[in-house]
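**Q** Under this note's numbering, residues 119 to 288 are what the sequence shown spells out, in order.
C-beta: ideal position from N, C-alpha, C; glycine also.
For clarity, every value in this text was computed on a predicted model and none was experimentally measured.
So that we are looking at the same thing, I have put the structure below in structure tokens.
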Amino acid sequence: DRVLFLTTLLLVAVSVVMVYSASNLMAGGGPGRPNAYLAKQLVFAAMGLLTMFVAMRIDYVRYRDPRLILGLVGITLVALVAVLIVGPKINGTRRWFAVAGVGIQPSELAKLALVPFVAFFIDRRHDLAAPGNSRDVILPAAVATGLFAGLILLQPDLGTAVLLAATVGT
Numbered sequence: 119d120r121v122l123f124l125t126t127l128l129l130v131a132v133s134v135v136m137v138y139s140a141s142n143l144m145a146g147g148g149p150g151r152p153n154a155y156l157a158k159q160l161v162f163a164a165m166g167l168l169t170m171f172v173a174m175r176i177d178y179v180r181y182r183d184p185r186l187i188l189g190l191v192g193i194t195l196v197a198l199v200a201v202l203i204v205g206p207k208i209n210g211t212r213r214w215f216a217v218a219g220v221g222i223q224p225s226e227l228a229k230l231a232l233v234p235f236v237a238f239f240i241d242r243r244h245d246l247a248a249p250g251n252s253r254d255v256i257l258p259a260a261v262a263t264g265l266f267a268g269l270i271l272l273q274p275d276l277g278t279a280v281l282l283a284a285t286v287g288t
């Protein structure tokens with residue numbers, strides 16, 4: 119979809135400009151590179167756009183594969199539990215892993231895993247989504263969301279847990 123792709127490019131460009139605008143004075147005030155935040159943001163934007171470009175080239179029907187969706191959910195649950203056990207405690211929270219010098223936050227992966235899982239679950243049970251049977255669809259989705267949100271709340275990260283629940287609810 120060309121319109122969606124161009125809209126995404128526009129949003130990425132605006133966000134890079136906003137990061138530069140907000141961080142230019144702070145980065146320029148210290149020694150080293152005055153555009154350090156801009157360079158970092160450009161690298162992540164390029165990685166995201168490359169990932170999006172690759173994802174666009176894959177037939178979306180492949181994303182409905184239960185092995186892919188359940189695998190992503192399983193990896194995310196393991197990461198959410200592992201960060202609570204072995205993640206470094208920073209400012210009273212355990213939210214991050216450091217892998218090869220890159221910080222990974224499993225709660226962000228939870229957003230990417232839970233939404234396709236719930237969509238897949240609802241799609242497979244759309245015949246049960248009649249008004250009288252809505253609990254057969256909504257209850258399991260709510261349990262999965264509650265499990266993810268509960269693990270995120272243990273980090274503690276209320277904002278991400280609420281955002282995750284609101285996103286799935288929507």
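(1) Could you tell me which residues DSSP pairs with GLY221 in its beta bridges?
(2) Go ahead and pull the three-state DSSP assignment for THR288.
(3) Short check: CB of VAL233 to CB of VAL161, under 8 Å?
(4) Could you check where the alpha helix (DSSP H) with GLN273 kicks off and where it finishes?
(5) So, under 8 Å CB-CB, VAL130 and ALA163 are touching, yes? Tell me the CB distance rounded to an integer number of Å.
(6) Look at the Cβ atom of ALA259, then the Cβ atom of PHE239, and state whether they are nearer than 8 Å.
(7) Starting from the Cα of LEU202, find the closest Cα among ALA262, LEU257, TRP214, ARG243 and give me that residue.
(8) Can you tell me the Cβ-Cβ gap for VAL255 and ARG243, rounded? I've got them flagged as a contact below 8 Å.
(9) Between VAL191 and the rest of its own chain, which residues show a CB-CB distance below 6 Å, the 5 nearest in sequence each way excluded?
(10) In terms of DSSP beta bridges, what is THR211 paired with?
(11) Can you look up ASP177 in the DSSP assignment and give me helix, strand or coil?
(12) Per DSSP, what kind of secondary structure is ASN142 in: helix, strand or coil?
(13) Do you know whose CA, among LEU186, LEU156, THR126, lies nearest SER139's CA?
(14) Work out the CA separation of ALA173 and ALA283 for me, nearest whole Å.
(15) Note down, in chain order, each residue of its chain lying with its Cβ closer than 8 Å to the Cβ of VAL216, except the 5 sequence neighbours on either side.
(16) DSSP three-state label for ARG243, please.
**A** From the atom records:
(1) Within the sequence shown, numbered from 1, the residue matching residue 221 stands at position 103. GLY221 is bridged to ALA216.
(2) In the sequence shown, counting from the first residue as 1, residue 288 sits at position 170. DSSP places THR288 in coil when its eight states are reduced to three.
(3) The residue given as residue 233 occupies position 115 in the sequence shown. The residue given as residue 161 occupies position 43 in the sequence shown. No, they are not a contact pair.
(4) As a first step, residue 273 is located in the sequence shown; it is residue number 155 there, counting from the start. Where GLN273 is concerned, there is no enclosing alpha helix (DSSP H), because DSSP gives it neither an H nor an E.
(5) Along the sequence shown, read from residue 1 onward, the residue named residue 130 stands at position 12. Along the sequence shown, read from residue 1 onward, the residue named residue 163 stands at position 45. Rounded, the Cβ-Cβ distance is 5 Å, consistent with contact.
(6) For the purposes of this step, residue 259 is identified with residue 141 of the sequence shown, where counting begins at 1. For the purposes of this step, residue 239 is identified with residue 121 of the sequence shown, where counting begins at 1. Their beta carbons are under 8 Å apart, which means ALA259 touches PHE239 by this criterion.
(7) Against the sequence shown, residue 202 aligns to sequence position 84. Out of ALA262, LEU257, TRP214, ARG243, TRP214 has the C-alpha closest to the C-alpha of LEU202.
(8) Sequence index remark: in the sequence shown, residue 255 carries index 137 (1-based). Sequence index remark: in the sequence shown, residue 243 carries index 125 (1-based). About 5 Å; that satisfies the 8 Å criterion.
(9) Here residue 191 is taken as the residue at index 73 of the sequence shown, counted from 1. Cβ neighbours of VAL191 beyond the five flanking positions: ALA231, PHE235.
(10) Numbered from its first residue, the sequence shown carries residue 211 at position 93. In DSSP, THR211 forms a bridge with ILE208.
(11) Your numbering for residue 177 matches position 59 in the sequence shown. Coil at ASP177, not helix or strand.
(12) On the sequence shown, residue 142 is found 24 positions in, with the first residue counted as 1. Three-state result, ASN142: helix.
(13) The residue you call residue 139 lines up with position 21 of the sequence shown. Ranking the options by Cα distance to SER139, first place goes to LEU156.
(14) On the sequence shown, position 165 is the one that residue 283 refers to. On the sequence shown, position 55 is the one that residue 173 refers to. Rounded to whole angstroms, ALA283 and ALA173 show a C-alpha spacing of 25 Å.
(15) The residue given as residue 216 occupies position 98 in the sequence shown. The question names Val, yet the displayed sequence has Ala at residue 216. Taken in chain order, the residues that qualify are PRO206, ILE222.
(16) The count along the sequence shown starts at 1 and reaches residue 243 at position 125. If DSSP states are grouped into helix, strand and coil, ARG243 belongs with coil.
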